[in-house]
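Below is one structure, written out as C-alpha cells, with a few remarks after it.
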Amino acid sequence: MNQAVDTSVEFAGLRLANPVFTASGTCGYADELADFLDINQLGGFITISITVKPRKGHATPRIVETDAGMLNAIGLANVGLEKFIEEKLPILTKLTVPVFVNLAGETISEYVTVAQRLANEPSIAGFELNISCPNVERGGITFGTDPAQVTEITSAVKKAVGEKVLMVKLSPTVTDISVIARAAVEAGADALSMINTFTAMAIDIETRKPILANKTGGLSGPAIKPIAVYLINKVYKEVTRNRGITILGMGGIRTASDAIEFIIAGASAVAVGTASFIEPGCAIKIIEGIKRYCVRKGITNVKELIGSLEDW
Ligand SMILES: Cc1cc2nc3c(=O)[nH]c(=O)nc-3n(C[C@H](O)[C@H](O)[C@H](O)COP(=O)(O)O)c2cc1C
48 MNQAVDTSVE
58 FAGLRLANPV
68 FTASGTCGYA
78 DELADFLDIN
88 QLGGFITISI
98 TVKPRKGHAT
108 PRIVETDAGM
118 LNAIGLANVG
128 LEKFIEEKLP
138 ILTKLTVPVF
148 VNLAGETISE
158 YVTVAQRLAN
168 EPSIAGFELN
178 ISCPNVERGG
188 ITFGTDPAQV
198 TEITSAVKKA
208 VGEKVLMVKL
218 SPTVTDISVI
228 ARAAVEAGAD
238 ALSMINTFTA
248 MAIDIETRKP
258 ILANKTGGLS
268 GPAIKPIAVY
278 LINKVYKEVT
288 RNRGITILGM
298 GGIRTASDAI
308 EFIIAGASAV
318 AVGTASFIEP
328 GCAIKIIEGI
338 KRYCVRKGIT
348 NVKELIGSLE
358 DW
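Numbering (this note's numbering), first residue to last: 48 to 359.
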C-alpha cells in the first residue's frame with residue numbers, strides 16, 4: 048500500500064498537481080468554503096461567472112431539490128468586474144493552485160471587456176467561457192447552441208485573453224455536441240469544459256405553478272452523470288483526442304468512482320459542483336479516493352487513465 052501515485056495531469060499546457068477542481072458557481076470566489084475545504088489541495092479553482100456589471104440574479108426561490116439532483120436559476124448573480132478586481136482578486140491571488148475566471152455576458156463585447164481587463168493578471172491561469180448558462184434571457188446558452196456564434200465568441204475572447212488558457216464551457220442541450228465542440232476548438236479553445244446544466248422544470252401540484260420564480264432552471268447532480276459521461280466520451284473520440292485538446296469533465300460527480308469514470312471517458316480533469324452543497328469537503332476526498340483506486344489497480348500515474356476506455 049506504500050506505492051507512490053503521481054496524481055499530476057497536463058491541462059492545456061498547465062501542470063496540475065491533481066485532476067480535481069470545484070465547478071463554477073458552486074464555490075463562489077473561493078472564500079465561502081474556506082472553513083470546509085483547503086482550496087490549495089485542489090488541482091485548480093474556477094470562479095463563479097463574472098459579468099461587466101454586478102447582477103443580483105433571479106428572484107427566489109432559485110434553487111429546488113429534485114430526485115437525484117437540483118434545479119438552479121441563480122441568474123449569474125455576481126459582484127461585477129470592478130468589485131471582483133477590488134475585493135475578490137486579492138483572495139484568489141493568495142491561492143497556490145491555478146485559478147480560472149468564468150466569463151459571462153449578454154453580448155460578445157461584454158465577454159471581451161471582462162477578459163481584456165483580467166488577461167494581464169499574473170494570478171489568473173486562464174478563463175472558462177460560459178456560453179451555456181440556461182438561466183438568463185440574453186446571452187448565456189444562446190451563444191453556445193449555434194456553431195457560428197460559438198466561432199465568433201471564442202475567437203473574440205481568445206484574442207482578448209492573450210497567452211492565458213481559454214476553456215469553453217459547453218451546453219448539453221444541443222443536437223450534436225461534437226459540432227459545437229469542433230467550432231470552439233477550431234476558433235482557438237485550448238480546453239473544453241463540459242457539461243453545464245440541462246434546462247428543466249419542477250411544478251408545485253398544489254398551486255400548479257413552477258417552483259422556481261424563474262419558472263425553469265438548470266438540472267445538475269447525479270441525475271445528469273451518465274449523460275455527461277457519454278457526451279465527454281463522444282467529444283473525446285470525435286473532436287479532442289487527436290488534437291491535443293483537454294477536457295474538464297463535470298456533471299453529478301460525488302465520489303472518486305464517479306471522477307474516475309469521467310477520466311476513463313476522456314476527461315483530463317474533473318470538477319465537483321452540486322455535491323459540494325451536501326459535503327463541502329468532498330473534492331478532497333475524491334483526490335484521496337483516486338489515489339486509492341490507482342494503488343489497488345497498480346497504476347503509478349493518473350495520466351494513464353485518461354481516455355483509457357476499452358471500447359475500441
Ligand atoms: C448553484 C449553481 C450555480 C452555478 N453557477 C454557475 C456559474 O456561475 N457559471 C457556470 O459556468 N456554471 C455554473 N453552474 C454549473 C456548474 O458549474 C456545473 O457545470 C453543473 O452544475 C454540473 O456539475 P454538477 O452536477 O457537479 O453540479 C452552477 C451550478 C449550480 C448547481
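Just so you know, even glycine gets a beta-carbon here, dropped at the ideal spot from N, CA and C.
List the residues that DSSP assigns as beta-bridge partners of residue i.
i	result
residue 267	117
residue 296	241, 317
residue 67	317
residue 251	256
residue 164	DSSP lists no partner for residue 164.
residue 123	The partner list for residue 123 (beta bridge, DSSP) is empty, contrary to what the question assumes.
residue 222	Paired residues: none, contrary to the question.
residue 62	57
residue 246	265
residue 348	53
residue 111	118
residue 102	125
Name the two residues that bound the continuous beta strand (DSSP E) containing residue i.
i	result
residue 96	91 to 97
residue 146	146 to 150
residue 83	Per DSSP, residue 83 belongs to no beta strand (DSSP E) and is neither H nor E.
residue 56	56 to 58
May I ask whether a heavy atom of ligand 1 can be found less than 7 Å away from the beta carbon of residue i?
i	result
residue 319	yes
residue 107	no
residue 299	yes
residue 70	yes
residue 61	no
residue 152	no
residue 334	no
residue 268	yes
residue 121	yes
residue 180	yes
residue 96	yes
residue 149	yes
residue 214	no
residue 322	yes
residue 117	yes
residue 73	yes
residue 177	yes
residue 331	no
residue 244	yes
residue 402	Lying before the first or after the last residue shown, residue 402 is absent from the chain, which here runs from 48 to 359.
residue 271	yes
State the start and end residues of the unbroken alpha helix (DSSP H) segment that holds residue i.
i	result
residue 259	Where residue 259 is concerned, there is no enclosing alpha helix (DSSP H), given that its DSSP letter is neither H nor E.
residue 282	272 to 282
residue 340	329 to 344
residue 132	That residue, residue 132, is in no alpha helix (DSSP H); it is neither H nor E in DSSP.
residue 136	136 to 140
residue 303	303 to 312
residue 323	322 to 325
Kindly examine ligand 3 and report whether one of its heavy atoms sits closer than 7 Å to the Cβ of residue i.
i	result
residue 132	As presented, the structure is devoid of ligand 3, carrying ligand 1 as its sole ligands.
Closest Cβ-Cβ distance between residue i and chain B: below 8 Å?
i	result
residue 122	Of the protein chains in this structure there is only one, and it is not chain B.
Could you tell me which uninterrupted alpha helix (DSSP H) segments, each at least 4 residues in length, are contained entirely in the region 167 to 216, listed from first to last along the chain? 188 to 191, 194 to 208
If you pair each beta-carbon of the region 251 to 267 with each one of the region 199 to 213, do three or more pairs fall below 8 Å? no
Under 8 Å: do the region 97 to 107 and the region 343 to 352 share three or more Cβ pairs, one atom per stretch? no
Do the region 161 to 170 and the region 181 to 199 meet, that is, are 3 or more Cβ pairs less than 8 Å apart? no
Does the region 76 to 95 come close enough to the region 141 to 158 to have 3 or more Cβ pairs within less than 8 Å? yes
Looking at C-beta atoms only, is the number of pairs between the region 75 to 90 and the region 218 to 232 that lie closer than 8 Å three or more? no
Below 8 Å, can you find three or more Cβ-Cβ pairs linking the region 302 to 314 to the region 327 to 344? yes
Pairing CB atoms from the region 260 to 280 with CB atoms from the region 107 to 124, are three or more of them under 8 Å? yes
For the structure I just gave you, are there three or more beta carbon pairs, one from the region 130 to 140 and one from the region 105 to 113, closer than 8 Å? no
For the 8 Å Cβ check, are there 3 or more pairs between the region 215 to 222 and the region 157 to 166? no
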